[in-house]
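Residue numbers 6 to 287, in full-length UniProt numbering, belong to the letters of the sequence shown in order. Note that CB positions come from ideal geometry on N, CA and C, so glycine has one too.
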Amino acid sequence: FNSKKIQSVGHQTFLNFRAYSTTKKGRLDGKVALITGGADGVGKESSLLFAKEGAKVLVVDLNEIKGKEVVSQIKANGGEASFFRADVSKAADVKEMVEAAEKTFGKLNILFNNAGIMISEDDDSVNTTEEVWDKTMNVNLKGVFLGCKFGIPALKRAGGGTIINTASFVALMGAATPQIAYTASKGGVLALTRELAIIHARQNIRVNALCPGPLRTELLDKFLNTDEKRNRRLVHLPMGRFGYANEIANGALFLASDESSYVTANTFLVDGGLTSSYVTPI
Ligand code: NAD
Numbered sequence: 006f007n008s009k010k011i012q013s014v015g016h017q018t019f020l021n022f023r024a025y026s027t028t029k030k031g032r033l034d035g036k037v038a039l040i041t042g043g044a045d046g047v048g049k050e051s052s053l054l055f056a057k058e059g060a061k062v063l064v065v066d067l068n069e070i071k072g073k074e075v076v077s078q079i080k081a082n083g084g085e086a087s088f089f090r091a092d093v094s095k096a097a098d099v100k101e102m103v104e105a106a107e108k109t110f111g112k113l114n115i116l117f118n119n120a121g122i123m124i125s126e127d128d129d130s131v132n133t134t135e136e137v138w139d140k141t142m143n144v145n146l147k148g149v150f151l152g153c154k155f156g157i158p159a160l161k162r163a164g165g166g167t168i169i170n171t172a173s174f175v176a177l178m179g180a181a182t183p184q185i186a187y188t189a190s191k192g193g194v195l196a197l198t199r200e201l202a203i204i205h206a207r208q209n210i211r212v213n214a215l216c217p218g219p220l221r222t223e224l225l226d227k228f229l230n231t232d233e234k235r236n237r238r239l240v241h242l243p244m245g246r247f248g249y250a251n252e253i254a255n256g257a258l259f260l261a262s263d264e265s266s267y268v269t270a271n272t273f274l275v276d277g278g279l280t281s282s283y284v285t286p287i
């Protein structure tokens, strides 16, 4: 690209436009990302955003219909994506999903362990059943462990990379509206993330925990199904509103990109100030 020559031929406006369009860079250009729970909520918004920023995205979910819709949306916008159906609580599925990323796109640079569940019957320690406890732990904590177990060797094969594990604000503060299995699972994600980040700190692998505040997604909407339940929480939110999935996706994008190159072992809060708040504005 020879700018002097361009000026000399006098097509400056047209050629300047070309120069801008060819140098425009996405924040994830050349990267391959795998996003679990990519069919809905935070995972869906992140899949769309990461693809828009230049990543090739493997959308992983149990929900094949919604997952494939996300892929179609990415392709319609000129991005590259593929869908893989996996249950993150099953080792064989997780192994295959990582293999699928490498097979489809040649490598894996970004692993976003985002899939998670919150079961309506999850309560305090007396009332929560063993079944609810086990199911929650299997998806929310074991799922993240398995993602790291099979994902880290793939990141190493790519020369390094970044992992984002989704925890939650509930890992950091107690609530008198309990979901004890969910809370414990997210506390586990924080501890696991911290340790893995230190283990792999000299291997060009960063591992961070993303802690969203309460969000307007399917996961919470199903649980907070009355005005009374919603208002019980809203009074504690400094901004007076729940967050949106795209606001969490923006946080994930920062952790996924090289802009966060010195950020690891972090508890990255995107919570509207909730965990720092005592008395909220009226
Ligand atoms: P969501 O329910 O909108 O989407 C979750 C997606 O994960 C769904 O597409 C679902 O099909 C998929 N999924 C569920 N179990 C799976 C499994 N075993 N294997 C593969 N995919 C599976 O949820 P969301 O609100 O977008 O939550 C995303 C993450 O953020 C979760 O880890 C959640 O715990 C966490 N989080 C959410 C909130 C909130 O208020 N919504 C707050 C803090 C943290």
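Simplified DSSP assignment, three categories, for residue i
i	result
Gly248	strand
Val47	helix
Ala196	helix
Gly152	helix
Asp139	helix
Ile40	strand
Ser87	strand
Leu258	helix
Ala214	strand
Asp66	strand
Val275	strand
Thr280	helix
Lys112	coil
Lys227	helix
Lys61	strand
Asn170	strand
Asn132	coil
Option nearest residue i by Cα separation, candidates the options
i	options	result
Met102	Gly148, Ile185, Glu264, Gly59	Gly148
Leu151	Lys61, Lys57, Lys95	Lys95
Leu201	Thr167, Asp128, Ile185	Thr167
Cys216	Thr231, Arg238, Leu242, Gly277	Gly277
Leu258	Arg90, Asn119, Asp232	Asn119
Arg90	Lys161, Gly43, Gly165	Gly43
Gly218	Val137, Gly111, Ile253	Ile253
Arg71	Thr198, Lys49, Ser262	Checking the displayed sequence, the identity of residue 71 turns out to be Lys instead of Arg. Nearest of Thr198, Lys49, Ser262 to Lys71, Cα basis: Lys49.
Tyr187	Arg199, Leu239, Asp129	Asp129
CA-to-CA distance, residue j to residue i, given in whole angstroms
i	j	result
Asn209	Gly59	21 Å
Gly179	Asn145	18 Å
Ala206	Lys36	20 Å
Lys73	Ser87	8 Å
Glu69	Arg32	28 Å
Ile79	Phe55	10 Å
Ser51	Ala97	25 Å
Ala38	Tyr267	19 Å
Phe155	Glu233	43 Å
Asn170	Thr182	24 Å
Phe174	Ser190	12 Å
Met142	Met244	31 Å
Pro286	Trp138	36 Å
Ser262	Asn132	42 Å
Lys30	Lys57	11 Å
Proximal residues to residue i (C-beta, below 7 Å), its chain only, five neighbours per side dropped
i	result
Leu195	Ala172, Ala176, Ala214, Thr272
Thr109	Leu63, Ser87
Glu107	Leu113, Ala159
Tyr249	Leu220, Arg221
Ala163	Lys112, Leu113, Asn114
Met123	Gln184, Tyr187, Leu224, Phe228
Own chain, CB closer than 8 Å to residue i, minus 5 neighbours either side, in chain order
i	result
Thr134	Glu126
Val47	Asn119, Thr171, Pro217, Leu220, Thr222, Ala250, Ile253, Ala254, Ala257
His241	Leu279, Ser282, Thr285
Contact test: residue i Cβ vs ligand 2 heavy atom, cutoff 8 Å
i	result
Leu116	Looking at this structure, you won't find ligand 2 anywhere; what it does contain is ligand 1.
Please determine if the segment 88 to 102 and the segment 59 to 75 are in contact, where contact requires at least 3 C-beta pairs separated by less than 8 Å.
yes
Count Cβ pairs between the segment 222 to 237 and the segment 276 to 286 that sit closer than 8 Å; are there 3 or more?
no
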